[in-house]
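A short write-up of the structure that comes next.
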């Protein structure tokens, strides 16, 4: 039972997956290919179908239609205990009556790996995830972070063809979560295992993933690298869900020979797809907007209603002709007090195209 | 029973509070004064005593020693149901068998406010928090965010002398939490009620609070505005808990007539308190560090080990002579690929003083 | 495709069969018997309503039915109240020890009926401890009827025996009402008692109703306790039914009495559920 | 300063008194009686060990004790196994219906002992359904002894009556073992059955032990079922105790038998707990 991935096939292929619970569709016609050694995240709000998709990869749910391939072999109907993937559960699901060592060795023992090899692999994996010191503690005597590491070790020690992770960090507090994100990523890079990571936290997905798939309402909306997802979202939902967004409508006109959006009398850049005479919906991320003294030409004009200090950044709320905009600036920048009149502008490549406005 | 705050006294004063559960001290000699109309946050890791402190303000726990004053009146021994403060619970604790309207009117009805006045005040408060449309739904038919608003309305409608909030947003998901933070802050500003807000999320505390008190291990370590807490932390724990930190030791020497820290052969700025010949512990926040091409004088030298894309920022991990440093740069900056040699430097005022290094 | 569903159906089958056999079958047998004719101490399957006529018109049986319903209603009502307070205290006030105290309840459900019933007999017997003690201290001069075997003794003993049965559903219902909701009510100005009445009682009302119904049914079907504590006069309908199935050897009449009891209970408790449901709304 | 503590203590008091009265007092009375001397059908408080000598040396009582322990052990063991599978199925496989199925269990704890015991009598009676059916279909020529009133009938009926009592603690224990832990075991390569044996059984073992102990105690103290189903020969020690407290009118001997039963059960179950605890480690 060699654990070396077959590098000629993708790690996981989902083809035309459909899944409904009773009348309620959970996953709708989903196609997805995950490459060997990739850190792939499924990102979406709760109820979007991402966990159902992961559980179908694990073999705990079975699709109503479509097929699942693992290293090129069809595993659509193979139940969980005979699939060579492992799952890290959201609530860890350690076995509380066993020691850490017995928890981690469970999968090897079930697969009748020789005793001596189990001991070696368990010890090595406990060191890898950094809980070697707790090997003989009972699983229910560990802190949340330690349990998380043990759950990871228990899955990885089996050298799965792919490791599936179901919001594994969501039970940890902020500081620990941030540290574990970096650790998980570095373990993945070291071992070269394919990771499929389900999360609803967009920052987490951006930070860790090679590629991200955004899901909503059972559909896979966009698959791409973090930069593609964040910079050129394919869909208004993706744009809004990943990162914060100032979205508004502009009127597209020819101004001085160039096609521009006109707001509040000022021309602003619009996507090249925008056509003259229409109303267009565009968006700019808060950190791509610049805020400066009032009176600047070719800018939006507004008044600061709120200034919040976030430590590393300043966050302004600015009332403008297109509504309240959120703008972020470095903490070292000149501060504009609430009440001051300001101009807001942005670079041409900061504009996200949300398409023609529906009247 | 007028609800107008007595503006001559602080809203809440805690004097010499001590509280232990059995042998385990939960709060140790805590003094704290919260001003009228202030948004005050108690921030700390779980188990630091912040919730116990809040529950003593609410009248659900009673201190072993010390006294609690509300608007100048001693309420140390007054039980919760006779204290004119209200608490928003972490799990909302709505009454599932009542409609939203009856939930919100509960406190007024218990206090025998006339029926007509109850109706008016409840309706007004439901509009204020934005759940007017759900007034006749049962409380258990609402989403998490709606329940949160109802819990807020149920407390605020009584016009408490102070509103106590126990991690009220921790059950919401990221997007909704961010929106509710701004809404809560704006409701507080509109009503002018004193808010005491318990949280373990430092970003939340920085964003919302007028002042923050940082607790750890039952002690109140520092009280100050968000800028004071973030910029000049009084204590290594505070520095590390609020915001991320690159902490390291430098050798203090006279270099070219100036007292400098020397690392890796390069001089770096040290706090004025540092004295020559000692080893000093300093820290710089990731976003205050600059990263540029290798070879710069008066800088740390290192090699990029990791580059993470966070959407609005780039995060580098850089291996240097003082260990691995985390540096953040704007997403628009020149990117340094992993493996490249870089220089790292920072402004003199970015240095946080953590005191003389313990050998 | 969905092996789990088939497995589930196969696994549900034995449970369904078991419970139909347990409850449905005896009841059907009973109903059938109640229309049999008794001839020369033998029962022949000839349809007759005579058994029901006897059961419904006889003055004797009416007295038994009324006494049974009175005893059961009082017992169930007292149990519902006591069980509510007991559950409240172990759920909220003595939260730390609640597993232990709940364990007590479970244990006392089946522990030593034999020992306890004889203890009650020694208390309420003709020469019982209750009367002897009061007479020896001079509080009363003659034995009080109340403290002899009879209705009062039956009720006291049955409250003792069936209290755990009442605690079970109320305790279970209260586990869904967190102490946080009580704290919320206190925070909004309710006293502890106010919170118990306005928050806990309505939320646990279903459990309280179930407790009343459980104990009402269980005590109305009792025949052992009245036999041992009720003396010759104050027995319940269960004793008459048991007699007809035993020494009396008139199964059809016994069956008609049992079916009548089941119907009366069903009607009464149906009415109760309707009232409670309306009240909760 | 801490009014809650005082209130808690005051509220704990009635519960403590209630439970000491319920269990402690009858047992003390019983122990006291067991040393009384019987004289002319009256009991005098003169210390004697005669009752224990009779209880322990009489061949008759030894037969009763051994039969009782055998019947109870078999019943409790069967119940523990069946209750484990029933709890497993309603907790995991039929998760959606588990409240309903658990409600069935509760209801069947006290629903219609009277009706059911007569149903069993009609099955296992001398002219019982079991034998008649087999004979009429020609499978057997003569009535089988096994299917008459007797030990087998007692065991079958008691399994039926006490099964819910066994389900309660096992079901409760399983509620702490999430379906997630079973899925984790499956994910790591265990079959469904493997997960049940390696994960659920060890974690629910305390509940299984409690179920065994509960049903063992409850059935060992039984006297009603054997009286109604056991015929004249196959009765249990409870019947002898009941007889001495009733028609036999030798309370001291009855008390000595009861105390002996309690001591034997305590020793056996103490040993069981020790073994189980060691096995779990």
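Chains as they are written, first to last, in the numbering used here: chain B, 1360 to 1718; chain Z, 1360 to 1718; chain U, 2 to 282; chain Y, 2 to 282. Glycine included, C-beta positions come from ideal geometry on N, C-alpha and C.
Identity of the residues DSSP links to residue i by a beta bridge
i, result
"residue 1686 of chain Z", "Z:1675"
"residue 189 of chain U", "None, per the DSSP bridge assignment."
"residue 1380 of chain B", "B:1383"
"residue 1429 of chain Z", "Z:1371, Z:1432"
"residue 1648 of chain Z", "Z:1705"
"residue 1621 of chain Z", "Z:1610, Z:1626"
"residue 1661 of chain Z", "Z:1679, Z:1701"
"residue 1424 of chain Z", "Z:1377"
"residue 1445 of chain B", "B:1522"
"residue 1402 of chain B", "B:1558, B:1573"
"residue 1458 of chain Z", "Z:1497"
"residue 1642 of chain B", "B:1606, B:1711"
"residue 1393 of chain Z", "Z:1371"
Integer-rounded CB distance, given that residue j should sit under 8 Å from residue i
i, j, result
"residue 1715 of chain B", "residue 1637 of chain B", "6 Å"
"residue 1397 of chain Z", "residue 1569 of chain Z", "5 Å"
"residue 1540 of chain Z", "residue 1451 of chain Z", "Going by Cβ atoms, the distance from residue 1540 of chain Z to residue 1451 of chain Z rounds to 17 Å, so no, they are not a contact pair."
"residue 1405 of chain B", "residue 1567 of chain B", "Rounded, the Cβ-Cβ distance is 19 Å, inconsistent with contact."
"residue 159 of chain Y", "residue 223 of chain Y", "7 Å"
"residue 1645 of chain Z", "residue 1686 of chain Z", "6 Å"
"residue 1643 of chain Z", "residue 1605 of chain Z", "5 Å"
"residue 1619 of chain B", "residue 1712 of chain B", "The pair is not a contact, with the Cβ atoms about 14 Å apart (cut-off 8 Å)."
"residue 1671 of chain Z", "residue 1690 of chain Z", "6 Å"
"residue 1499 of chain Z", "residue 1458 of chain Z", "Rounded, the Cβ-Cβ distance is 10 Å, inconsistent with contact."
"residue 1572 of chain Z", "residue 1402 of chain Z", "7 Å"
"residue 1529 of chain B", "residue 1449 of chain B", "6 Å"
Review point. Which residues, in order along the stretch 1468 to 1486 of chain B, keep a beta-carbon less than 8 Å from a beta-carbon of chain Y?
Key: 1469, 1470
- Query: Is the stretch 1576 to 1589 of chain B close to the stretch 1419 to 1437 of chain B, with three or more CB pairs under 8 Å?
  - Reply: no
Handout entry: Touching by the beta-carbon criterion (3+ pairs, under 8 Å), the stretch 1600 to 1610 of chain B and the stretch 1369 to 1379 of chain Z
Key = no
Listed in chain order, which residues of the stretch 1420 to 1435 of chain B have Cβ atoms closer than 8 Å to some Cβ of chain Y?
none
Length-filtered (4 minimum) alpha helix (DSSP H) runs lying within the stretch 1526 to 1611 of chain B: 1533 to 1550, 1561 to 1567, 1585 to 1590, 1595 to 1600
Given 8 Å as the limit, is there contact between the stretch 201 to 211 of chain U and the stretch 228 to 244 of chain U, that is, 3 or more CB pairs closer than that?
no
Length at least 4, wholly inside the stretch 27 to 107 of chain U: the alpha helix (DSSP H) runs in chain order: 51 to 58, 60 to 89
* Stretch pair the stretch 240 to 256 of chain U + the stretch 25 to 44 of chain U: three plus CB contacts closer than 8 Å -> yes
* Mind the definition here: the stretch 1408 to 1417 of chain B touches the stretch 1546 to 1558 of chain B only if three or more C-beta pairs lie below 8 Å; say whether that holds. => yes
Interfacial residues, the stretch 160 to 188 of chain Y to chain B, with Cβ spacing under 8 Å = 179, 181, 182, 184, 185, 186, 187, 188
>> If contact is defined by three or more beta carbon pairs under 8 Å, each pair taking one atom from either stretch, is the stretch 1657 to 1668 of chain B in contact with the stretch 1692 to 1707 of chain B?
In response: yes
In the stretch 199 to 217 of chain Y, which residues sit with their C-beta less than 7 Å from some C-beta in chain B, listed in chain order? 200, 203, 204
Checklist line | the stretch 1477 to 1495 of chain Z touching the stretch 204 to 222 of chain U, judged by at least three CB pairs closer than 8 Å | finding: no
(request) Mind the definition here: the stretch 1589 to 1605 of chain B touches the stretch 1619 to 1626 of chain B only if three or more C-beta pairs lie below 8 Å; say whether that holds. (result) no
### Task
Note down, in chain order, all residues in the stretch 1584 to 1613 of chain B with a beta-carbon under 9 Å from any beta-carbon belonging to chain Z.
1584, 1585, 1586, 1588, 1589, 1590, 1599, 1600, 1601, 1602, 1603
Legend entry - the stretch 1464 to 1476 of chain Z contacting the stretch 1529 to 1546 of chain Z, beta-carbon criterion three pairs below 8 Å: no
Any contact of the stretch 159 to 179 of chain U with the stretch 71 to 80 of chain U, i.e. 3+ C-beta pairs under 8 Å?
yes
Segment contact flag, the stretch 1436 to 1456 of chain B with the stretch 178 to 193 of chain Y, C-beta cutoff 8 Å, min 3 pairs: yes
What are the residues of the stretch 1448 to 1468 of chain Z that lie near chain B, defined by any Cβ-Cβ distance shorter than 7 Å? none
Next item on the list: With 8 Å as the limit, tell me which residues of the stretch 77 to 94 of chain U have their beta carbon closer than that to any beta carbon of chain Z; keep them in chain order.
Entry: none
Does the contact criterion of 3 or more C-beta pairs under 8 Å hold for the stretch 1420 to 1428 of chain B versus the stretch 175 to 192 of chain Y? no
Requested in this report: Quick one: which residues of the stretch 1655 to 1681 of chain B get their C-beta closer than 7 Å to a C-beta of chain Z? List them in chain order.
Outcome: 1667, 1668, 1669, 1670, 1671
Item to complete: Report the residue ranges of all alpha helix (DSSP H) runs contained in full by the stretch 216 to 241 of chain Y; include only those spanning at least 4 residues, in chain order.
Response: 225 to 230
Check your understanding: Using a Cβ cut-off of 7 Å, which residues of the stretch 1635 to 1646 of chain B contact any Cβ in chain Z, in chain order?
Key -> 1644, 1646
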